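Counting from 643, one number per residue, gives the positions in the sequence shown under the working numbering.
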Amino acid sequence: MLFRDIMVAVSFAMGKVTANHGRWDFHDRNATSSKISPREVRLAFPARDPGIIARENLTQGLFLPILFNPLWPAGTNLTTSHPLDWLGYPLNENSSLGVKIMRTLPVGLRIDIAQSKGWDAATFIAEVDYALSLLPNVKAVKNWYIRHGSVGQRICWDKDVPSVLDSHSNVVGGLSSLIVRPEQVRYDLPARRFYPDLPPWYMARGSPHCINKSNPHYETVRKVILNSLSFNFHPRQTGADYLDIVRCRLRDYAHPMLRAIYYASLKNYECPYKKSCFWYSATKGKHYRTMTPPNFFGFAKVLQGLFRNREPICLLFGNIPAPVARLLPRNVSPTTPDGFTRCLFHDDFTDPDAGSLPSSAKWTLALGTSYPGGAAQWGTGEVQNYTKTNIQVTADSTLLITPSRQQDGSWTSSRIETTVDWDFACQPNHRIRVEARIKLGDDARTKQLGIWPAFWALGASVRKNPTAWPTIGEVDVMETANGDTAMRHAVHCGVAPGGPCNEFTGIGTVTESVNRGEWHVYAWEVDRRAGKGLEILTWFVDGSQRWRMEKQAIANDDGSAWDVLVAGEKMLLLNVAVGGAFPDALAGGKTPTDATAGGRGASMETGDRSWEELFWWLLGLPNITWSGSDKTWTDSRLRPQQFWSHLLGRHASFAVAMPDIVLSGAAGVTTPFGDAVPPAPRHAITVHMPGFATAERFGKDPPSVIAHFKSVYPRMRPHQDIARLIDAVLARLHIPERACLLFASRQSADECVAYASSPKREDGCTKHPVSPELMSVHAFIAKDVFFAVVFPPEARTVVGGFWVTPGCGVSSRFAEANLRHLDQLAEIGDKTVGRPGFDGLDHRLLRERIIALLARAPLVRSPPRQQPGPSIGDVYFFQTGMASIYKTHSYLLSLHQGTTVLFGMAFMNTVTIFEEFGSSYKFFGLGTDQELDELGVFLEGERSHGRKVQAIWTEFPANPLLVTPDLIRLRSLADEHDVVLAVDDTIGGYANVDVFHHADLLVTSMTKSFNGYADVIAGAVVLNPSRPKYRELKPLFERCHVSELYVDDAKAIERNSRDYLSRCGRLNDNALALVQHLNSYSKDPASSVRHVFYPSVNDSRQYYERFMRPATTDFSPGYGCLFSVELADVASAKAFYDNLAVHKGPHLGAPFTLAFAYTVCGYMTRLDWAAGYGLKPTQIRVSAGLEDTETLIELFSVAVEAANRARERRG
């Protein structure tokens, strides 16, 4: 466990020549001063091998001296101003907002923009000020630039400045696209960044940096290594001097191997053993040697020897395998995190012998069931007795706390606190960080009900006043309970109950899906460098920021509660409690239970993080066939994950798996039926449905199959957390033999009642409308307000239809958050509930991201200034993708009960919505040019009879056959007949197609590629202010829309969608490669593959490509991740499906490939109807994932071969 402090230190690196906003002064001794346009200035950069040098020029000042320009007369002198004295525009209280924002930008970026536009400073500032005046969120924009652009911050920007700026209507919009995050900078992308910006993956654990002689850059890398790591020391040179020389020589290179070596030089690593450490392993007769160097000098010597002999090498940063670690003395000093210079406290648990207690000089054991004079059961209802017997230092020099059930049924555990000598506080103008490396027991959840491990900080004054909580302040760096993989971060302050920190709950957030049984680093940071009232608290898991808290997060605080949190003296604690209010709330009942086991599977283990900073590499890898890529290798058909097992043999459990998603190959998919697709987070929205026969059963009787699911797509049935919240609601109502569904708004609850009682529910057989008298709506509050629709259990199939089709129920994250507040669950009068709605910072960030994506690489110019493009106020969120369609449809119905037109095939639930809601519906399911003619005739007929057509809906392209409509003709027909045109671009996606300007409203399921990780559902609608219908739609949405996208869901989507563009590129590439591969089979008459459906090969290709965005330096558009393949007959389709070694089930846009017997599952009882629109049971829908392309092609080849054999057997 570490916590560290740092003094504020600011450095500013300058080049030899500095720039003054892109204008250069020159003075001729024979003439008066004049100006030269930036475009006339020639900048000279050092020439190096283009395959090695970073495309981003990593110079300290970013601009090198101007060496020579033949256009300038002899005697010309160049003069520049200091970069921060920007053409007489100093930063002061009278500065315009444009000046304030521009002053945060690197001088190089200013020059690039000025060169692109030919602006002087005054014009530049005027353009920025004008653009800012158009923005409704100007304050947020200003804060973003100040936060990301202050001196010393890392600013990266796209190298192709002119084209990026030209794609936006104003410079501020261009800046939002120019500036990128440091982690988005790749060595093969055109971006520039400030030294010493180092993307984190160069030291990523388990990610090797490999190179061999077949690599085209090997000889150049070899030459750089031999030159850069030479040992021609001057007698007075020190090791530090040598490191400085190496860093200077390597810092400009972008090749991953060279960047990795450069990063290692920054670490100045020393092996504690003081000499090289070797470990030998024998597996299948092959010997491998692993070496840990004594220091960087030894590291460099070995590297030079390897490259001199032209040997292949893998450089790996990460944990030393346990067999090696056991050889090393454990007296290593702690490694401070980047940006920190001093370690205030450190314990690697090496001082005591194995089996001993932790050092009494650092830790105090809290014993019993309370502090002396403090609240009983530690004030939380815990049931354990803290003892000395449940804690020990292990043989691996870690600290282990193990809760234990005694023979009489009582529980014991342990709790330790840092001694008074180590109390700490963050001083003004300082920053401090607390972190620990922790592994939690991975027993089944049923065995861990009530187990409550925590790593936290508590106000040190509790020693004198044990009843002063929460006034003394508490910070939970990490706590969890009941074997959950969700880790909670929270603060407690003020008074209880209630108070500024909402006690007894506190203010907090959750990090999802942190695997147990593995080491993770939990950290908390206080930053007081910005001044009083501007302090920041930040929580991290494994180096990634998980929560950021500022003063305004604490409501009704006079400042005292916040001051205690950021400045009060604290002590650190580690404990494992048993039972209490927190685990009880999560479990929805009393814990621990009879099934709670305790023991090692419920333990908490803490180790020293410094071991993660060691690095090691592999030497002499025999029988490894290297490919031309830097990062791939094979041993026959060996895959990366298998490589580690093959290499480490019986020690494979100590290796870190590669981050790539690798299928299990010939062994097939091992995920059990009904489970979520791995990694299966708590809120997974996938379910594995293997076997064509399963699909047939699902198509005939969905409930009989769904009943066996452990994980389920959220609209199929309520998630397990929602089911628990439903049980709690029914228990609170004391109404026997009733069922209920939960909704976040009264609007959705009333719509559910109206749906269930509608005469349309009558099917003449088993389903009948439910009398409104048998249903009731109840308002509840726990953490949030929600509404329960209560009905008889026998009406479940009817009422449940509203849950399945429109998808308007509460989310699993909503339920999870409210389950933590079951002690506050109460029914309230719904008349006291105002119009609900969730809206927070993450909602705003998502809106801004969507607007930016719509504006990037457009096909048409943004509207002129007098007609601005969409703003964040034009983006509306819904709890599911289907809810965005249903709600929009219902809003339009509230205007007039006209006919709804669906043009082209659409997702099955979309079809159902238009069939079941509204007075009239017209379906043109083929989406062909002929049907466009028929649509024109229909619209003309409706107009001639005075009947209103409500809207035309279309998917671009259509699910599942990927037919693309002629959107230009649809737009023309909609305009001619004054009809709303609604376009669903979920399949094409924001990244690939620009259809917004032809739509009155754009609908997108954010569940799919936009979110991308199959763990949250949501939808978005964007209104187009440049269309005449906007004047009708905007007030309609403002009047009707209730934001039901829960804050935690918005947070998850915001986090997941940060890499949207990069994921889309990989999804596009994999889908296209598979389509081309399968399409080659379809040309063979003997093949079982009959047809492949994809925008690039369909007859409607021209209509798709007409709206593809232009390629940019950071992204090349494609045709999306979804395609369908049609087999010759049912037997071959069955063989193909059953032998395709990918997961099966609904969903698309996930990181893993999914196959789905779409027609069989969705239209098994309506096959004749489906056939009329080209849907056949022999068609398999596929959503390509992020896996290795060649691996996927191999898997699909195996499936095609199986289908061919099945067809041959049928003769």
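Every residue, glycine too, gets a C-beta built ideally from N, C-alpha and C.
A quick note: this is a predicted structure, and the numbers were derived from the prediction, not measured.
Cα-Cα separation, Trp1445 to Arg1359: 7 angstroms
Straight-line gap, Gly1140 to Ser1046 (C-alpha atoms, nearest Å): 34 angstroms
Whether Val1133 touches Met1191 by CB criterion (9 angstroms): yes
Proximity winner among Asn1027, Ala1396, Arg1748, Tyr904, relative to Asp1636 (alpha-carbon distances): Arg1748
Test item: CB-CB of Gly1523 and Ala1593 under 9 angstroms: no
Supposed close pair Pro1793, Leu1828 - CB separation, criterion 8 angstroms: 5 angstroms
Three-state class that DSSP yields for Pro954 in the structure shown: coil
C-alpha distance - Arg1705 paired with Ser1532, whole-angstrom precision: 34 angstroms
Whole-number beta carbon distance between Ile1043 and Leu1216, since they are thought to touch under 8 angstroms: 7 angstroms
Of the listed residues Val1371, Asp1830, His1325, Gly760, nearest to Val803 (C-alpha basis): Gly760
Lys865 versus Phe939 - alpha carbon distance: 18 angstroms
C-beta atoms of Val1419 and Val1395 nearer than 9 angstroms: yes
Nearest residue (CA-CA) to Val1371, options Pro1344, Val1432, Glu1404, Arg1849: Val1432
Stretch-stretch touch, CB-based, cutoff 8 angstroms, three pairs: the region 1061-1073 with the region 1000-1017: yes
Ordered list of beta strand (DSSP E) runs contained in the region 1130-1157, each at least 3 residues: 1149-1153
Cβ shell of Ser1103 (< 6 angstroms), same chain only, five flanking positions each side left out: Ile1114
Counted within 10 angstroms of its Cβ, other Cβ atoms place Arg1847 as buried (16 or more) or exposed: exposed
DSSP-derived helix/strand/coil call for Phe1433: strand
Runs of alpha helix (DSSP H) lying entirely within the region 1710-1794, each at least 4 residues, in chain order: 1743-1747, 1772-1781
Candidates Cys1803, Leu1537, Ala1239, Arg1498: closest to Thr1754 by CA position: Arg1498
Backbone CA spacing between His1619 and Glu1582 [nearest angstrom]: 8 angstroms
C-beta atoms of Leu1709 and Gly1760 nearer than 9 angstroms: yes
Inter-stretch contact (C-beta, 8 angstroms, three-pair minimum) for the region 1008-1017 and the region 1025-1042: yes
As assigned by DSSP and simplified to three states, the class of Tyr1563: strand
DSSP three-state assignment for Cys1382, whether helix, strand or coil: strand
Counterpart residues of Glu1469 in DSSP-defined beta bridges: Phe1422
Three-state secondary structure assigned by DSSP to Ala1102: helix
Separation of Asn951 from Leu868, as counted between CA atoms: 11 angstroms
At least three beta-carbon pairs within less than 8 angstroms, the region 1675-1689 to the region 1542-1555: no
Cβ-based burial, Pro1727 [other Cβ within 10 Å; buried from 16]: exposed
Cβ shell of Val1035 (< 8 angstroms), same chain only, five flanking positions each side left out: Phe991, Pro994, Asp995, Ala996, Gly997, Ser998, Leu999, Pro1000, Leu1041, Leu1042
Start and end residues, beta strand (DSSP E) containing Thr1541: 1541-1545
Residues sharing a beta bridge with Trp1053, DSSP: Gln1026, Arg1047
Residues bridged to Lys1212 [DSSP beta-bridge criterion]: Phe1066, Gly1101
Span of the beta strand (DSSP E) around Thr1006: 1005-1008
Per-residue burial, His1350 [other beta carbons within 10 Å of its own, 16 or more giving buried]: exposed
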